[in-house]
Amino acid sequence: WWLFEASYIGLLLVVLAVVAAASGEIMRDTFGLSYWSGVLAVMLAVGGLIFGGGRLIERALSLWSFVLYGIYIVFFIWCLGSLGDDISAGLNMAPVGSGWIMSGLLYAGYNLAVMPPVLAVLRLHNTSRETIIAGALTGPIAMIPGLLFYLPMIGLYPEILEATVPATVLLETLGSRPFQIAFQIVLFGTLIETGTGLIHGLNERVAGLHQDQGKEMPAWMRPTVAIGLLVLGTAISSFGLTDLIAQGYGTLSYGVLAYYVVPVIPIAIWRFRNKAG
587 WWLFEASYIG
597 LLLVVLAVVA
607 AASGEIMRDT
617 FGLSYWSGVL
627 AVMLAVGGLI
637 FGGGRLIERA
647 LSLWSFVLYG
657 IYIVFFIWCL
667 GSLGDDISAG
677 LNMAPVGSGW
687 IMSGLLYAGY
697 NLAVMPPVLA
707 VLRLHNTSRE
717 TIIAGALTGP
727 IAMIPGLLFY
737 LPMIGLYPEI
747 LEATVPATVL
757 LETLGSRPFQ
767 IAFQIVLFGT
777 LIETGTGLIH
787 GLNERVAGLH
797 QDQGKEMPAW
807 MRPTVAIGLL
817 VLGTAISSFG
827 LTDLIAQGYG
837 TLSYGVLAYY
847 VVPVIPIAIW
857 RFRNKAG
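The numbering of the sequence shown is my numbering, which starts it at 587 and goes up by one.
Below, the structure written as structure tokens:
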């Protein structure tokens, strides 16, 4: 189990660093501010939500999801009108090849790492039916914004591969400064959501461990964990957004697949068969 925990915490720190680095790039490229002002702003915002407690986090994440969907739908429709022909050409440009298989596995790997902390929300469910419906909705709800962003990127392929923050290139192509600012603000808020959810999830797991031992998580521990992760994430962000994504995600995803996915699947099948029998 400790191998998974090591992979999970490592991936958490890399994602926090990516959040910080992306925020710094957005502040610099969109608003002309210094890179580190963006890093500091996102980390302070994440810390503020964490210290606000679980209720505030749940409400903030839920409300911001509607804002995110709204801006992404507008973005997609606008890009479709401006880049529709280029998107169609990009989809037919070259054969898919086989690299997508490994890329898909790695992408699934670092996303599946959040499954254990996500289980903390089960306390909000009253029946198995609610849990099944929530699980069935989670995947599509999380994936649709990615699809709405991915398809427009195809319209600028392969040039967009050189962009550190592809959203900036796409927004500049649309040519609307007000919409660019609005979109980047929403994206910045989404980065705050990501960092907050990861740290809160880890805190909930630590609290659950104390509860299993018949103890209560000390009041000082939540802010200590949050501050420690934020400081480490900020330090790691100095490696740069591109290197973090290229090296960190891939390496740690292998760990999640090896120490979590591979062992859990046969156990789940065995338990399901025993229950059915």
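Cβ atoms here follow ideal geometry from the backbone N, Cα and C, with glycine treated the same way. For clarity, every value in this text was computed on a predicted model and none was experimentally measured.
Apply the 10 Å Cβ neighbour rule to Thr713 and answer buried if 16 or more other Cβ atoms are within range, or exposed otherwise.
By 1-based counting over the sequence shown, the position of residue 713 is 127. Result: exposed.
Note down the Cα distance separating Leu784 from Glu790, rounded to an integer number of angstroms.
Position 198 of the sequence shown, counted from the start, is the residue given in the question as residue 784. Position 204 of the sequence shown, counted from the start, is the residue given in the question as residue 790. Cα-Cα distance, rounded: 10 Å.
Could you tell me the alpha carbon to alpha carbon distance between Pro852 and Ile730, rounded to whole angstroms?
Counted from its first residue, the sequence shown places residue 852 at position 266. Counted from its first residue, the sequence shown places residue 730 at position 144. The straight-line gap from Cα to Cα measures roughly 30 Å.
Which value, in whole angstroms, describes the spacing of the CA atoms of Phe652 and Arg645?
For the purposes of this step, residue 652 is identified with residue 66 of the sequence shown, where counting begins at 1. For the purposes of this step, residue 645 is identified with residue 59 of the sequence shown, where counting begins at 1. If you take the alpha carbons of Phe652 and Arg645, they lie about 11 Å apart.
Run through DSSP, which three-state label would Asn712 get?
Position 126 of the sequence shown, counting from 1, holds the residue named residue 712. In this structure, Asn712 counts as coil in the three-state DSSP scheme.
When we look at the beta-carbon of Glu745 and count the other beta-carbons within 10 Å, is it buried (16 or more) or exposed?
Numbered from 1 along the sequence shown, position 159 holds the residue referred to as residue 745. With fewer than 16 other Cβ atoms within 10 Å, it is exposed.
Measuring straight from C-alpha to C-alpha, what distance separates Ile740 and Leu654?
Translated into the one-based positions of the sequence shown, residue 740 becomes position 154. Translated into the one-based positions of the sequence shown, residue 654 becomes position 68. Between Ile740 and Leu654, the C-alpha separation is close to 21 Å.
Quick one, are the C-beta atoms of Leu734 and Phe661 less than 8 Å apart?
In the sequence shown, residue 734 corresponds to position 148, counting from 1. In the sequence shown, residue 661 corresponds to position 75, counting from 1. Yes; because the gap between Cβ atoms is below 8 Å, this pair is in contact.
If you draw a straight line from the C-alpha of Ser623 to the C-alpha of Leu843, how long is it?
Locating residue 623 in the sequence shown gives position 37, where the first residue counts as 1. Locating residue 843 in the sequence shown gives position 257, where the first residue counts as 1. Using only the alpha carbons, I get a separation of about 35 Å.
Consider the Cβ of Tyr840: report whether some Cβ of chain C lies at a distance smaller than 8 Å.
Absence of chain C from the displayed structure is noted, only one protein chain being present.
Cα-Cα, which of Gly670, Leu710 and Cys665 is closest to Arg641?
In the sequence shown, counting from the first residue as 1, residue 641 sits at position 55. Nearest of Gly670, Leu710 and Cys665 to Arg641, Cα basis: Leu710.
Since I believe Leu597 is in contact with Ala699 (beta carbons under 8 Å), could you give me their beta-carbon distance rounded to a whole number of angstroms?
Locating residue 699 in the sequence shown gives position 113, where the first residue counts as 1. Locating residue 597 in the sequence shown gives position 11, where the first residue counts as 1. About 5 Å separates the two Cβ atoms, so the contact holds.
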